[in-house]
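Following: one structure in structure tokens, then a few remarks.
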Amino acid sequence: MSHGVPRRDRLRTRRSAVEALRARGEPALWLTGGALLLALGMIVGLIALLMVGGLSTLWPRPVVRIRCQDGRVLMGEIARRETARGPDGRLVRRRLVRIGNFELTHEHFAWVADHEVAAEDCPPEAMVLERVAWGRFYGLPRALVAGGRIIATNAAEIRAAWPSIHPEVVARRRRRERIETVEIGEVNRRLEAARLRARTAELVAGRDSERYAIARREAEQVEQRTAEEFARLRAEIESLNAHNAQFHLDVVTADGREARLMLADIVRMVPANALSRAERWAVYGSRWWEFISDVPREANSEGGVFPAMFGTVVMTLLMSLAVVPIGVMAALYLREYAKPGPWVSVVRVSINNLAGVPSIVFGVFGLGFFCYMVGATIDELLFAARLPNPTFGKGGILWASLTLAVMTLPVVIVATEEALAAVPNSMREGSFACGAGKWQTLRRIVLPRALPGILTGMILAMARGAGEVAPLMLVGAVKLAPELPVDRVPPFIHPERSFMHLGFHIYDLGFQSQNSEAAKPMVFTTALLLVTIIVLLNLLAIAIRNHLRRKHRSDVF
Amino acid sequence: MALSELPKLDTTLDVSVSAAGRLAAIAAGEAVQTELHDDLRRETAVVDVRGFNLWYGPKQALFEIHMPIPKGRITALVGPSGCGKSTLLRSINRINDLVDTVRTTGDILLNGESIFAPHVDVIDLRKRMGMVFQKPNPFPMSVYENVVYPLRIDGVRDRAVLDEACERSLRGAALWDEVKDRLHDSAMGLSGGQQQRLCIARAIAAEPEVLLMDEPCSALDPIATNKIEELMEGLRGEYTIVIVTHNMQQAARTSDYTAFMYLGRLIEYGSTATIFQQPHLPETLAYVTGRFG
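Those sequence lines, one after another, are chains A and B. Anchor point for the first sequence: position 253 equals 265 in our numbering, and the numbering is continuous, going up by one each time. Anchor point for the second sequence: position 293 equals 320 in our numbering, and the numbering is continuous, going up by one each time.
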């Protein structure tokens, strides 16, 4: 060799490009970075879509009046635009107009191609009338009748008179609804209770017994008394209805048809084209308030989602209440008491596998075990008089919570085990050396120290449970629940009641709604709300965890 | 030539050679007769280890230990790593019971009573022995709660009793002045040395008979070490202290008696002055002068 240095000792010449690539792994950098970017992009995209779709739904849009060349006149809000292939094969731009007025047109929406339009304008006196039933009404107001007298005949006057008239009409309607649901419900409950007592007496003592005869007589008395109450309540409803019948709004539609809308049926009147910026925000705010505080109407596509929100939160909290103690205790046994060995390993692997079982399987389990076995047994033992109507032997919020608790149990167990394993043994030894027993050590030293980790498990469980829909469809979530699972009727908490859930509500809006065009934007709004609630629940748990962490700060030196 | 005459040949080389021979013999399994100095026989033993053997699974860690621990004195356990000092210490309050694979024979007496007797309540036994660990292990709670922990688990609720115990223990551990204004702050916020003194305060809160210290200064800086040693000086006479240490100077400075252990055997045990200046055995001399270990 030229310099007398053996070839293998000399520095190597530069590698080929391919070799260098393989060694340094530039593609790996791009690959990993790209994957992260993709993941971030999807998350940001999801959130952006939800925000845009969800926040824009309730914004009051202008009302457009469109005269078509064929003489049709449409008035309504533009729902969306698209480019489609027309019947002659050419591309046409067209708009979907929410025309409302369902009782007149039998349509909620209509397509208008741009080339059909002869003229269009935004009449300043046009009103959007959101109604209790039949969806929205778009029209030009002609006269406001209150107490049988015409008190306003043009849009400006009607707007001015509206705040002094509409609220009292709504108050009367709400009073009537209250009588119909709460007060008649209360009377019905008394009647039902008397019948149940009679039926119980029949079951316990037999048909010929004196006890049954007495209960039977009492039930009849109650029936007579309640009949009077029913009559009184019905009379009150009649009088409220008669009073409200004197309040109506006469409207003419864009194509000249006249309509009479009862004020009691109108939720909100929005002069969509004559709103100032502040008024627009006020309408937006009031629609949001209605959305989160009111019950749904129009097959869930309008109104609020309060029962669904309430159901989601109550179910999630119930689930946490069930899963955390059981999961923590199971993990405590596994980690602190059980002797490590093959059995413990088998149990641990099984628990981990349980986390991978599809949620619908848990739904089937919940239906079969909780509803049909446990629930039916409870019914036989405690609610025999109501049979064959099931009380606990059907889907309900308790069974739904327990089903989800079973589903999220592995998450809590695994997280708790990890948290327990992370508690240094020196702490346990220190406690034992002080003369503490096993349980004292666990309760006073190990558990407080592991609490943040346990709460992490709870957060994960809540995040998974609150967003779960599939199992709920089997064990108690319904499209429309007339009553909340917690209310003012004794015993206040009704774990057997079926409930509404935001996740199920989204499914229902998206796939089961007759008025799917109107429901679609609500899907986004409801999804946004669901995500917000889950985030809020998690933030709450995280705040508690951080508080505990600060309390047990463990930075030494 | 008798082995006991070896140290008298006061040449470094000879000591090393004979020590190496002896140590090799021990490693090969030769039985050891502990060189127990006479001055120990004049003391009252509060803890008396008698023929104690201990196995971790199949591996024997302690061999036939005979060791009276004198009342009111500070006894240091020295020896190279893995010689069983900590194991012996942890056997005295039976904290080794927590290790599943441990098996023992022989006996340890506390005031003449076997601590392994079936009727003995191990929890009560541990309450009578305070223990301080190698790494400070304050509990994740306030300074106050840390100190009164042994009383709390006894069910003491009386605020006055707890307050009194807290102050007395913290004063005993020379920590009172530093923490008296933040008794209800988290103990995790203290420095390492303060944490270790807090652990000592906790160990003496229930007024134990014996204080077991397992290398209490190994995780501390020299200043904190100094404070702990001063503290031990202050506790001398009040408590019987057994301290495991790797630090020869610390053993020489703080203890009244020193026990030298090697490979699970107790080699030589006597007053600290003798062990460090004129040990009877060449291997002890070799160890305390730093020739191996």
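No residue lacks a Cβ here, since even glycine has one placed at the ideal position from N, Cα and C.
Beta-carbon gap between residue i and residue j smaller than 9 Å
i: Arg49 (chain B); j: Leu308 (chain B); result: yes
i: Ala530 (chain A); j: Ser313 (chain A); result: yes
i: Ile409 (chain A); j: Met327 (chain A); result: yes
i: Leu141 (chain A); j: Val109 (chain A); result: no
i: Leu67 (chain A); j: Ala539 (chain A); result: no
i: Val170 (chain B); j: Asp212 (chain B); result: yes
i: Leu421 (chain A); j: Val481 (chain A); result: no
i: Ala47 (chain B); j: Thr281 (chain B); result: no
i: Ser510 (chain A); j: Lys406 (chain A); result: yes
i: Gly219 (chain B); j: Asp248 (chain B); result: yes
i: Leu492 (chain A); j: Gly323 (chain A); result: no
i: Val147 (chain B); j: Leu239 (chain B); result: no
i: Val64 (chain A); j: Arg309 (chain A); result: no
i: Val271 (chain B); j: Val73 (chain B); result: no
DSSP-derived helix/strand/coil call for residue i
i: Lys254 (chain B); result: helix
i: Gln222 (chain B); result: helix
i: Ser298 (chain A); result: helix
i: Ala233 (chain B); result: coil
i: Ser288 (chain A); result: coil
i: Gly78 (chain B); result: strand
i: Leu36 (chain B); result: At Leu36 (chain B) the pLDDT is 49, less than 50, meaning the model places this residue with poor confidence; the figure from the coordinates comes in the next sentence. Leu36 (chain B): coil per DSSP, three-state reduction.
i: Cys80 (chain A); result: strand
i: Phe569 (chain A); result: Note that Phe569 (chain A) has pLDDT 33, beneath the 50 cutoff, so the model's placement of it is unreliable and the number below is only indicative. In the structure shown, Phe569 (chain A) sits in coil (DSSP, three-state: anything other than H, G, I, E or B).
i: Asp499 (chain A); result: coil
i: Ile601 (chain A); result: Any property of residue 601 (chain A) remains undetermined from this structure, which presents chain A solely from 13 to 569.
i: Val30 (chain A); result: helix
i: Thr265 (chain A); result: coil
i: Arg154 (chain A); result: strand
i: Leu210 (chain B); result: coil
i: Asp6 (chain A); result: No answer is possible for residue 6 (chain A): it lies beyond the span of chain A, which begins at 13 and ends at 569.
i: Val64 (chain A); result: helix
i: Phe160 (chain B); result: coil
i: Met13 (chain A); result: In this predicted model, Met13 (chain A) has a pLDDT of only 46, less than 50, meaning its place in the structure is not dependable; the value taken from the coordinates is given anyway. Coil at Met13 (chain A), not helix or strand.
i: Met28 (chain B); result: Reliability fails at Met28 (chain B), whose pLDDT of 48 lies under 50, so the model's placement of it is uncertain and the value that follows must be treated cautiously. Correct three-state label for Met28 (chain B): coil.
i: Gly315 (chain A); result: strand
Continuous beta strand (DSSP E) stretch holding residue i: start and end
i: Gln87 (chain B); result: 86 to 97
i: Thr131 (chain B); result: 129 to 137
i: Phe287 (chain B); result: 284 to 289
i: Arg318 (chain B); result: Note, Arg318 (chain B): premise wrong, no beta strand (DSSP E); not H, not E.
Boundaries (first-last residue) of the alpha helix (DSSP H) holding residue i
i: Pro175 (chain A); result: 167 to 190
i: Val194 (chain A); result: Element bounds for Val194 (chain A): n/a, residue is neither H nor E.
i: Cys193 (chain B); result: 186 to 199
i: Leu245 (chain A); result: 222 to 256
i: Tyr519 (chain A); result: 514 to 524
i: Thr428 (chain A); result: 409 to 433
i: Ser298 (chain B); result: Note, Ser298 (chain B): premise wrong, no alpha helix (DSSP H); beta strand (DSSP E) at 292 to 298.
i: Ala91 (chain A); result: Counting along the chain, Ala91 (chain A) falls outside any alpha helix (DSSP H), though it belongs to the beta strand (DSSP E) covering 85 to 97.
Distance between beta carbons of residue j and residue i, contact taken as under 8 Å
i: Trp411 (chain A); j: Gly449 (chain A); result: Actually they are not in contact, since the Cβ atoms of Trp411 (chain A) and Gly449 (chain A) sit about 39 Å apart, beyond 8 Å.
i: Arg360 (chain A); j: Ala433 (chain A); result: Contact doesn't hold; Cβ gap of about 12 Å is too wide.
i: Phe259 (chain A); j: Ala158 (chain A); result: 5 Å
i: Leu152 (chain A); j: Val263 (chain A); result: 7 Å
i: Thr267 (chain B); j: Arg100 (chain B); result: 6 Å
i: Phe404 (chain A); j: Asp391 (chain A); result: 6 Å
i: Thr69 (chain A); j: Phe536 (chain A); result: 6 Å
i: Thr415 (chain A); j: Pro483 (chain A); result: 5 Å
Test: residue i CB closer than 9 Å to a CB of chain D
i: Gln452 (chain A); result: Here the protein chains are A and B, and chain D is not one of them.
Do three or more CB pairs link the segment 83 to 94 of chain B to the segment 300 to 319 of chain A at distances below 8 Å? Result no; under three Cβ-Cβ pairs closer than 8 Å.
Is the segment 134 to 148 of chain A touching the segment 276 to 296 of chain A, taking contact as three or more C-beta pairs under 8 Å? Contact between the segment 134 to 148 of chain A and the segment 276 to 296 of chain A is present, because at least three Cβ pairs lie under 8 Å.
Inter-stretch contact (C-beta, 8 Å, three-pair minimum) for the segment 258 to 274 of chain B and the segment 289 to 296 of chain B: Output reads no: the segment 289 to 296 of chain B does not touch the segment 258 to 274 of chain B.
Per the contact definition of three or more C-beta pairs closer than 8 Å, is the segment 127 to 137 of chain B in contact with the segment 77 to 92 of chain B? A contact exists between the segment 77 to 92 of chain B and the segment 127 to 137 of chain B.
Does the segment 158 to 168 of chain A come close enough to the segment 185 to 199 of chain A to have 3 or more Cβ pairs within less than 8 Å? Because the criterion of three Cβ pairs below 8 Å is not met, the segment 158 to 168 of chain A and the segment 185 to 199 of chain A do not touch.
Are the segment 275 to 283 of chain A and the segment 95 to 113 of chain A in contact at 8 Å, needing three or more beta carbon pairs? Too few Cβ pairs lie closer than 8 Å, so no.
Under 8 Å: do the segment 360 to 371 of chain A and the segment 454 to 462 of chain A share three or more Cβ pairs, one atom per stretch? The segment 360 to 371 of chain A vs the segment 454 to 462 of chain A: no contact.
Quick test of the definition: if touching needs 3 or more C-beta pairs under 8 Å, does the segment 514 to 527 of chain A touch the segment 435 to 446 of chain A? Contact fails: fewer than three Cβ-Cβ distances are below 8 Å.
Between the segment 204 to 221 of chain A and the segment 172 to 182 of chain A, can you find at least three pairs of beta-carbon atoms closer than 8 Å? By the criterion of at least three beta-carbon pairs nearer than 8 Å, the segment 172 to 182 of chain A is not in contact with the segment 204 to 221 of chain A.
Stretch pair the segment 111 to 127 of chain B + the segment 63 to 81 of chain B: three plus CB contacts closer than 8 Å: Segments in contact, yes.
Three Cβ pairs or more, each shorter than 8 Å: is that satisfied between the segment 116 to 126 of chain A and the segment 246 to 255 of chain A? As far as the Cβ criterion goes, the segment 116 to 126 of chain A does not touch the segment 246 to 255 of chain A, which means the pair count is below three.
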